[in-house]
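Chains as they are written, first to last, in full-length UniProt numbering: chain A, 1 to 278; chain B, 1 to 278.
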């Protein structure tokens, strides 16, 4: 991984397809950059797994990606960021970004009264990673964290904005309402897809923070300060996708979400096959 | 300047009081950080001076600030960023931030259709620094830059939102209207103070970008990735202000804007006195 130059790729990894929200923002905010994505769809979801297991899976993917010349790495999954970011950072000399700190910093920027909410999977909320990232910068913030285990299945059901879906969102968010939050971090890469329903439920007073947008922005900042932005002139970056699961359904979802055709390759290292049943 | 540690100070400099908008955001977004500010009120404004002169003044201030242990430096003035950022970066090993790149990156994040406007002083617009920062990242952006020399005097007159003031803003912004801009960078530290009038003139379709907020956010990102965020626990940072002009009027404006009492010291190096008449 030390052969990095401005035209090396950015490696982005996720437990499955959720990290494509980050990819879409990297394509948009950094169109000249080369991107390699790994979606571990075979072992998805990471949410209910132990931190040890998530850390092991993340390191396996990072080792696979590090066969290519990389200049930065993005862990585009809240659960994997909470479990593995520090370990990956210790092991590699290139910049490693998670999705938690960019969301936390954006919340601090936007928040007018220091009353910040966080929603995420049980694993993310249990890790208290957002609370730590926020309070490390400002100990006086009020932070209310709340796990919403019903929202990822809702997004994955693809039911859209039906009455039933609105009821699920309403119930999931009820505990937030008494806290007069001025901003809410969508601490799971799936949630931006139901941002409209969340916004309608909480009203316009609470600013919603999309970690995917914020992570791409911070990637741009970090690459710039390292002198590592792509020197593409008018060239657009090239993009390549790997998945541990079947490539056809991955391609379908990815092309729909990204709005362009992509190359997908299925990769299963020996340890991935062994670890399929968590 | 090499004695930097997480508890070293952040140096912030400006031609006068405009950079206090950045200071206010650093206090808010990074409350544990120690800050040293230098406002060159004696030689303000920098806008009409040559780039060579602005570069010389900026380097003089940086040399003064570098007597203290610093871990980062912020050039909180668009004109000085355009003229001197690269020179200062080449001469110092600590991170040096300007106000132009953070505004550019925020515009790219917020822009939905890639139609970005920039307003600033004649010096800033003539330098094309925003256009370069934007197009370096994405060559396909549409960028419309426009100098608004009447707006700084308007802010400094403190006239507030009168009919006359609205007419001046309307006239200054007229050339922007035909370009269907989806975002507008306020490329001068004075402009956020008349953001309401600018917003009313352009309508809600154009998102306004406040470089002060964005610069503080990027400072937070850069310090984090260098492992240099203050380790203050529950302690708040300490702040000290220097000005080359009379301290009393500086203190008055600064305390009003920052909402807290501050220490101000007048500093004039020999070269500052010599260079007073540009």
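Glycine is no exception: its CB is placed at the ideal position from the N, C-alpha and C atoms. Values in this document were obtained by computation on a predicted structure and should not be read as measured data.
Counting only unbroken stretches of 3 or more residues, the beta strand (DSSP E) elements lying wholly within the segment 228-259 of chain A are 239-243, in sequence order. The shortest C-alpha to C-alpha distance from residue 127 of chain B to any of B/263, B/78 and B/109 is the one to B/78. Residue 220 of chain A is positioned such that its CB atom lies no closer than 9 Å to that of residue 52 of chain A. Restricted to the segment 10-61 of chain A, the beta strand (DSSP E) segments that are unbroken, complete and at least 3 residues in length are 35-39, listed in chain order. Taking a cut-off of 8 Å on C-beta distances, the segment 57-67 of chain A touches the segment 27-47 of chain A, as three or more cross pairs fall below it.
Using a C-beta cut-off of 8 Å, the segment 92-112 of chain B makes contact with the segment 216-234 of chain A, since at least three inter-stretch Cβ pairs fall below that distance. Using beta-carbon distances, residue 113 of chain A does not count as an interface residue toward chain B, since no partner is under 9 Å.
Contact annotation: residue 47 of chain B and residue 152 of chain B have beta-carbon atoms nearer than 9 Å.
Chain-order list of chain A residues neighbouring residue 222 of chain B: 221, 222 and 225, by C-beta distance under 8 Å. DSSP lists B/186 as the bridge partner or partners of residue 210 of chain B. Per DSSP, the unbroken alpha helix (DSSP H) holding residue 156 of chain A starts and ends at 151-157.
By the CB criterion at 9 Å, residue 4 of chain B and residue 94 of chain B fall inside the cutoff. When B/149, B/160 and B/71 are compared, the shortest CA-CA separation from residue 123 of chain B is found for B/149. CA-to-CA, the gap between residue 70 of chain A and residue 33 of chain A works out to about 11 Å. In the DSSP assignment, residue 136 of chain A is bridged to no other residue. When only Cα atoms are considered, residue 167 of chain A and residue 208 of chain A end up about 19 Å apart. Excluding its 5 nearest sequence neighbours in each direction, residue 199 of chain A has C-beta neighbours in its own chain below 7 Å: 208, listed in chain order. It is roughly 39 Å from the alpha-carbon of residue 257 of chain A to the alpha-carbon of residue 24 of chain B.
Not a single C-beta of chain A is nearer than 9 Å to the C-beta of residue 192 of chain B. With distances taken between CA atoms, residue 119 of chain A lies nearest to A/194 out of A/139, A/194 and A/165. Between residue 132 of chain A and chain B, the shortest Cβ-Cβ separation is not below 9 Å. For residue 67 of chain A, there is no enclosing beta strand (DSSP E), as DSSP marks it with neither H nor E. Chain B has no Cβ within less than 9 Å of the Cβ of residue 199 of chain A. In chain order, 25, 28, 29, 213, 214, 216, 217 and 220 make up the part of chain A whose C-beta sits under 9 Å from the C-beta of residue 109 of chain B. Within the same chain, and ignoring the five residues on either side of residue 20 of chain B in sequence, the residues whose Cβ sits closer than 6 Å to its Cβ are 254 and 257.
Under the three-state reduction of DSSP, residue 123 of chain A is assigned to helix. Of the residues B/45, B/243 and B/231, the one whose Cα lies closest to the Cα of residue 269 of chain B is B/243. The three-state reading of DSSP puts residue 146 of chain B in strand, counting E and B together.
Residues of chain A whose Cβ lies closer than 9 Å to the Cβ of residue 38 of chain B do not exist, since the nearest Cβ in that chain is about 22 Å away. Nearest to residue 139 of chain B by C-alpha distance, out of A/272, A/262, A/233 and A/15, is A/233. The three-state secondary structure of residue 109 of chain A, taken from DSSP, is helix. Taking 9 Å as the threshold, the shortest C-beta distance from residue 138 of chain A to chain B falls below it. Taking 8 Å as the upper bound for CB-CB distance, residue 54 of chain B and residue 76 of chain B are not in contact here, some 14 Å apart. In the DSSP assignment, residue 97 of chain B forms a beta bridge with B/74. Neighbourhood of residue 101 of chain B in chain A, by CB distance below 7 Å: 224, in chain order. By the 16-neighbour rule on beta-carbons within 10 angstroms, residue 273 of chain B is exposed.
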